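Asker:
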Ligand code: DGJ
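In this note's numbering, the protein residues as written are 7 to 336.
1. Can you tell me the Cβ-Cβ gap for residue 2 and residue 250, rounded? I've got them flagged as a contact below 8 Å.
2. Counting C-beta neighbours from all protein chains within 10 Å, is the total for residue 198 16 or more, i.e. buried, or is it exposed?
3. Could you please give the first and the last residue of the uninterrupted beta strand (DSSP E) stretch that includes residue 132?
4. Measuring only the C-alpha atoms, how far is residue 322 from residue 85?
5. Would you mind reading off the limits of the beta strand (DSSP E) that contains residue 39?
6. Around the Cβ of residue 307, are there at least 16 other Cβ atoms within 10 angstroms (buried) or fewer (exposed)?
7. Comparing alpha-carbon positions, which option in 289, 186, 266 lies nearest residue 168?
8. Any idea what DSSP makes of residue 71, helix, strand or coil?
9. Since residue 289 and residue 305 are thought to touch, with beta carbons under 8 Å apart, how far apart are those beta carbons, to the nearest angstrom?
10. Tell me which same chain residues have a C-beta within less than 8 Å of the C-beta of residue 147, skipping the five on either side of it?
11. Using a Cβ-Cβ cutoff of less than 6 Å, which residues in the same chain neighbour residue 310 once the five nearest sequence positions on both sides are dropped?
12. For the beta strand (DSSP E) that residue 210 lies in, which residues bound it at each end?
13. Around the Cβ of residue 295, are there at least 16 other Cβ atoms within 10 angstroms (buried) or fewer (exposed)?
14. Going by DSSP, what residues sit across from residue 332 in a beta bridge?
15. Which runs of the alpha helix (DSSP H) at least 4 residues long sit entirely within the stretch 281 to 313? Give them in chain order.
16. With distance defined between alpha-carbon atoms, name the residue in 244, 297, 119, 33 nearest to residue 176.
17. Which residues in the same chain as residue 161 place their Cβ atom closer than 7 Å to its Cβ, once the five residues preceding and following it in sequence are excluded?
18. At what residues does the beta strand (DSSP E) containing residue 151 begin and finish?
19. Could you pull the DSSP bridge partners for residue 33 from this structure?
20. Compute the distance between the beta-carbons of residue 117 and residue 50, then report whether it is under 8 Å.
21. Quick check on the burial criterion: 16 or more other C-beta atoms within 10 angstroms. Buried or exposed for residue 273?
22. Could you check if residue 149 is buried or exposed, using at least 16 other CB atoms within 10 Å of its CB as the buried criterion?
23. Three-state secondary structure (DSSP) at residue 316?
24. Residue 135 and residue 110 look like a contact to me (Cβ under 8 Å); what is the Cβ gap, rounded to whole Å?
25. For residue 138, name the three-state secondary structure that DSSP assigns.
26. For the stretch 176 to 200, which segments carrying the beta strand (DSSP E) assignment without a break, of at least 3 residues, lie completely within its bounds, in sequence order?
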């Protein structure tokens, strides 16, 4: 009897272990709360974007926790292999350094691309003067992903005003910026071969929107953006097209409009291609205009396909980074 019992116990222990491992394989996400990094400090990566290098995701964003004034921030970088636990790698672009551009300038929405030909990491960001009149993009580069980035230049892409920017890399590796040109609307433009300049306009979407982001999913392009209401949330909208050049469909709500995108504003549509499926994560900022460093995040898997994109009501969700399966609810 005894050996049978201990075999049973061992089998039970093994089963419990396997269940624990399975649960661990899927990271769970909570929403709109403080999101501590490896130091226990709230993640400062607002208006951010994500670059995957090997198995590691790097999240770049506005570090608003530096007690600078509302205009200023540094660009932070965090690393994770599961999108849930983030290690602070440092502030990788210090905007107030005299070699950069100084305290009176605005830096928002940094995004980093990797150029496989030049092997450089190229950061784009909205760069402006204190009255948002420069309406330009800034560029900084680095040989390594986690900094320090060196500021290179700023300019108006193709001569147009540019405020909020979003990054997009298509399945064929081509890199694009989507930027808000206040008088005209959203522009999608291709970067040059070295990514150091904006080379060619692909499309003008004549809608006055910001917080632009794009994803290519099952043969269709989806663009998302918000209305222009400063730091206040509004109903974010999406449109679709078979080609980046359009024609684009009408814009539709991603959630019931009275919910105001659950307090968030789009910053990126992150595609997770797993061994079993592909998920698209809505990355949004819940801005706190009175204390930007206390702004929170809303990340949720989108219901997407067949030309429809829906942001579900916020609730706990989990992601298996290997299989790509995102599960919403308990
Ligand atoms: C909305 C933009 O999306 C933000 O990045 C920021 O520029 C605020 N406006 C400033 O009011």
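In this text, a Cβ means the ideal position worked out from N, Cα and C, and glycines have one as well.
Since this is a predicted model, take the numbers as computed values, not measurements.
Answerer: In short:
1. Outside the modelled stretch of the chain, which goes from 7 to 336, sits residue 2, for which no answer is possible.
2. Numbered from its first residue, the chain shown carries residue 198 at position 192. Exposed, by the Cβ-count rule.
3. Counting from one through the chain shown, the residue named residue 132 turns up at place 126. Segment 126 to 134, the beta strand (DSSP E) holding residue 132.
4. What you label residue 322 is simply residue 316 of the chain shown in a count that begins at 1. What you label residue 85 is simply residue 79 of the chain shown in a count that begins at 1. The straight-line gap from Cα to Cα measures roughly 22 Å.
5. Position 33 of the chain shown, counted from the first residue, corresponds to residue 39. Run containing residue 39: none; DSSP gives neither H nor E here.
6. Residue numbering aside, residue 307 sits at position 301 when the chain shown is read from its first letter. The residue in question, residue 307, is buried, as its Cβ has 16 or more Cβ neighbours within 10 Å.
7. Along the chain shown, read from residue 1 onward, the residue named residue 168 stands at position 162. Of the listed residues, the one whose Cα sits closest to residue 168 is 186.
8. Numbered from 1 along the chain shown, position 65 holds the residue referred to as residue 71. Residue 71 sits in coil when the DSSP states are folded into three classes, being neither helix nor strand.
9. Against the chain shown, residue 289 aligns to sequence position 283. Against the chain shown, residue 305 aligns to sequence position 299. At roughly 5 Å, the Cβ-Cβ gap stays under 8 Å, so residue 289 and residue 305 are in contact.
10. Taking the chain shown and counting its residues from 1, the one referred to as residue 147 is at position 141. Contacts found: 126, 127, 128, 129, 155, 156, 158, 202.
11. Here residue 310 corresponds to residue number 304 of the chain shown, with the count starting at 1. So the list reads 223, 286, once near-sequence residues are dropped.
12. By 1-based counting over the chain shown, the position of residue 210 is 204. According to the DSSP assignment, residue 210 belongs to the beta strand (DSSP E) that extends over 204 to 211.
13. Position 289 of the chain shown holds residue 295. Exposed, by the Cβ-count rule.
14. Within the chain shown, residue 332 is the residue found at index 326, counting from 1. Looking at the DSSP output, residue 332 shares a beta bridge with 325.
15. With a minimum length of 4 residues, no continuous alpha helix (DSSP H) run stays inside the stretch 281 to 313.
16. Looking up residue 176 in the chain shown gives position 170. Nearest C-alpha to residue 176: 119.
17. On the chain shown, residue 161 is found 155 positions in, with the first residue counted as 1. Cβ neighbours of residue 161 beyond the five flanking positions: 142, 143.
18. Position 145 of the chain shown holds residue 151. From DSSP, residue 151 is part of no beta strand (DSSP E); its letter is neither H nor E.
19. Position 27 of the chain shown holds residue 33. 325.
20. Taking the first residue of the chain shown as position 1, residue 117 is located at position 111. Taking the first residue of the chain shown as position 1, residue 50 is located at position 44. Contact flag unset, no.
21. Indexing the chain shown from 1 puts residue 273 at position 267. Using a 10 angstroms sphere on the CB of residue 273, the tally of other CB atoms reaches 16 or more, which defines it as buried.
22. Position 143 of the chain shown, counted from the start, is the residue given in the question as residue 149. By the beta-carbon neighbour count (other beta carbons within 10 angstroms, threshold 16), residue 149 is exposed.
23. Translated into the one-based positions of the chain shown, residue 316 becomes position 310. Looking at residue 316 - three-state DSSP - the assignment turns out to be strand.
24. As a position in the chain shown, residue 135 is number 129, starting the count at 1. As a position in the chain shown, residue 110 is number 104, starting the count at 1. With a contact defined as Cβ atoms closer than 8 Å, residue 135 and residue 110 qualify at about 7 Å.
25. Along the chain shown, one-based indexing puts residue 138 at 132. Per DSSP, reduced to three states, the secondary structure at residue 138 is coil, with no helix or strand assignment.
26. Inside the stretch 176 to 200, DSSP marks whole beta strand (DSSP E) runs of 3 or more residues at positions 181 to 187, 191 to 197, from first to last along the chain.
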